[in-house]
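Here the structure is laid out as structure tokens; the discussion comes afterwards.
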Amino acid sequence: MEELGPQEMTAYKPSNEPVPEGEIIVERGSTARDIGPKFNRSAGDVVRFLFLQGATVTATQSLTDDMIELFAAELGAEVRLVDPGEEREAELLAKYFDDIDDAENDEDLEPRPPVVTVMGHVDHGKTLLLDRIRSSDVVSGEAGGITQHIGAYQVITQSGHPITFIDTPGHEAFTAMRARGAEVTDIVILVVAADDGVMPQTVEAINHAKSAEVPIIVAVNKMDRPDANPDRVLQQLAERGLVPEAWGGDTIVCQISALRSEGIDDLLEQLALVAELEELGANPKGIARGFVLEANLEAGRGPVATVIVENGTIKVGDPVVAGAAWGKVKALLDDRGKNVKFAGPSMPVQILGFSEPPQAGDEVRVAADLNRARTLGEARAQRFRLTGHHPVAAAASGAKLEDLFEQIKRGETASLNIVLKADVQGSLEACTESLKRLERDEVKLNFIHRGVGGVTENDVQLAAASNATIIGFNVRPDKRSRELAEKSDVDIRTYEIIYKLIEEIEAAMVGMLAPEYEEVITGEAEVREVFRVPKIGAIAGCYVRDGAITRGSKVRFLREGTIIWKGSITSLRRFKDDAREVAAGFECGIGLSDYQDLKEGDIIETFEEREIPRV
Ligand code: GDP
């Protein structure tokens, strides 16, 4: 505990100055001196307020998020906490790019090819399907060029529609990108082997796609196998909410054999059709931006990033910035390794010329000039250094457990996103049912994913991407999932008793999660005399007026009703002996540790914080 600087104490005047209107942006880790002026207050006001709340800080000490929010709440001010450097980055983004963004309007939108990800259970044929699609490309024969695996490729269907495929099958990459705010995929192909049916990863894939609100086309694969049973697959899918068109639903199902290259063309035409219905549009003349799919450092070529263009056209020579990486586009290479001059919407392309490899999921922007690209890149690099992490984009709607009650209080219909994992199917169902019963008008539960087994990194990524809380019943996260959860701010709660689980979630729903504390005064003593004892320092000779003074208890010193110091009692004496407790009506000596300026007549008050049970 530190005492208040005299400067801060005297600087305090109850201020009736109005607080600036609108959102006040404060960097995390700011000091009282930093934030005071932002709220039209002095540093002393901040220190003093926090002091009264039980936190002793100096004017130049970093405040916690809670302290800043508490102070803002006291003033009725709206505060937004940002990471150091985030504000500058936002300013730069607004300055450099917002005006150009405005220039994009609907009239300039043109249809763009869909970007497709293939998902499904292991060994159901995702990789083979991607290979077959690639070699089915109608132009590849004529145009030549050696196939390059750059992370994505584009094919033209027989009816002339271009389609982009992400070359990394499975939902891991898909969700990792989403967790970074990169919503790249427009359509998901769900591959289900006709001889194997819906398997755990099939279910995961469905949930990941649904959570991203991306339409699913089902490819029932391995139709060539004698034990193929497509009807069973359809039945299982229907049970998962994917009702095939043939049964009156709206899920498109194609029966294929990747091995024999059968049904592939039909699948591609169906994709083109869905893309048309989705009305995917982009403005090729608009400001160019895209997402990094993958990036690495290559010998002789330097940093190489595969990018899918989202809007506009990236050209050779353009100044670009992605995350902290910046540079001038030296060369663009397509999925056949051919040099191209430009890349338009939905086109996958390798960019050479970045200062360093950006990260998968980073947004790539074309800047007006190299200077701006560099300024933004360097501002971000600095921020990553300061905060030690790469920014994670704002997550989807729906709340985490800890924010749930806030949403309800604001009168919004809150929804709690949940990833539920349990040890066996039976307990999974039991937990689901019990949780569902908690739903009320104002709180909805959203199961983003339910599954049997431990909490995996995949679950954490999904939770991060969809702003969900992970609930584990009789299962636990392993070390890597825990670390990832920590890094991506995902809450994992594990239970072994169902009623505990229900109790806690219910508690969150009625706002009982965080305990509230109240202060209870436990003792009061009046200072009669202050002695200086060599080597020990000042000791206040006191008379206990009320309650009892206990060693170790929290204490504040009051002078004419004003708090002048706060800390804890480290030494307590009765005559010459150490005492644990001195009751009312007795005299005692209280050691003043690092506070020496107590005077006769000051009051020493001890207190305790007790949890208030909520009703
Ligand atoms: P992934 O794990 O989903 O990527 O599956 P793969 O593409 O690696 O395929 C797994 C296995 O299934 C391989 O041995 C493939 O040759 C085989 N396979 C894939 N598609 C078909 C198919 O249509 N018919 C048959 N019979 N085998 C297939």
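In this note's numbering, the protein residues as written are 523 to 1137.
Quick reminder that beta carbons are idealized off the backbone N, C-alpha and C, glycines included.
Which partner residues of residue i appear in the DSSP bridge assignment?
| i | result |
| --- | --- |
| C953 | Partner(s): none; C953 has no beta bridge. |
| T1016 | G994 |
| Y1065 | E1048 and E1109 |
| I777 | In the sequence as displayed, the identity of residue 777 is Gln instead of Ile. According to DSSP, which records beta bridges pairwise, Q777 is partnered with V742. |
| Y675 | F687 |
| R654 | Paired residues: none, contrary to the question. |
| L799 | BP columns for L799 are empty, so no partner. |
| P722 | According to DSSP, which records beta bridges pairwise, P722 is partnered with nothing at all. |
| E600 | E545 |
| Q872 | T828 and L855 |
| E784 | S779 |
Report all residues from its chain with a CB closer than 7 Å to the CB of residue i; omit the five preceding and five following residues, and keep chain order.
| i | result |
| --- | --- |
| R1050 | G1063, C1064, Y1065 and E1122 |
| V946 | V974 |
| R972 | L942, L950 and T954 |
| A533 | Any reading at A533 is ruled out, since the residue's pLDDT is 44, under 50, leaving its predicted position unreliable. |
| V1055 | I1061 |
| P633 | L802 and G803 |
Which of helix, strand or coil does DSSP assign to residue i?
| i | result |
| --- | --- |
| T690 | coil |
| E1028 | helix |
| N751 | coil |
| E1131 | strand |
| T586 | coil |
| R962 | coil |
| T897 | helix |
| Q680 | coil |
| T828 | strand |
| E632 | strand |
| M467 | Here the chain has residues from 523 to 1137 only, and residue 467 is not among them. |
| P999 | strand |
| S937 | strand |
| H646 | coil |
| R1081 | strand |
| P737 | coil |
Let me make sure I understand the geometry here. Which of the options has the alpha-carbon closest to that of residue i?
| i | options | result |
| --- | --- | --- |
| P752 | A731, A760 and G719 | G719 |
| I1061 | E1082, T1092 and L764 | T1092 |
| V640 | I830, T978 and G692 | G692 |
| G771 | V740, I778 and V713 | V740 |
| K617 | L652, A821, L898 and E832 | L898 |
| V710 | M721, A701, N729 and G703 | N729 |
| R654 | R634, P633, Q676 and V637 | Q676 |
| D1119 | I1085, D963 and D556 | I1085 |
Residues in the same chain with beta-carbon distance under 8 Å from residue i, minus the five sequence neighbours each way, listed in chain order, please.
| i | result |
| --- | --- |
| G717 | The residue asked about is misnamed: residue 717 is Asp in this sequence, not Gly. Taken in chain order, the residues that qualify are K744, R747, D749, A750 and N751. |
| E539 | N562 and R563 |
| V604 | I547, V548, E549, R550 and A612 |
| F995 | L942, K943, A944, D945, S949, L950, C953, T1016, Y1017, E1018, I1020 and L1023 |
| K1139 | Outside the shown range of the chain (523 to 1137) lies residue 1139, about which nothing can therefore be said. |
Counting C-beta neighbours from all protein chains within 10 Å, is the total for residue i 16 or more, i.e. buried, or is it exposed?
| i | result |
| --- | --- |
| I1043 | exposed |
| D891 | exposed |
| Q575 | exposed |
| W1087 | buried |
| N893 | exposed |
| L799 | exposed |
| F696 | buried |
| D630 | exposed |
| E767 | exposed |
| G1107 | exposed |
| V644 | exposed |
| E1005 | exposed |
So, at 6 Å on beta carbons, what are the nonlocal neighbours of residue i in its own chain, with the 5 sequence-adjacent residues on each side left out?
| i | result |
| --- | --- |
| L1035 | The pLDDT assigned to L1035 is 45, lower than 50, so where the model puts this residue is not dependable; a value taken from the coordinates is nonetheless given after this. Around L1035: A1029. |
| G1045 | G1069, A1070, I1071 and T1128 |
| R1096 | V1104 and C1110 |
| A844 | V814, P880, D884 and V886 |
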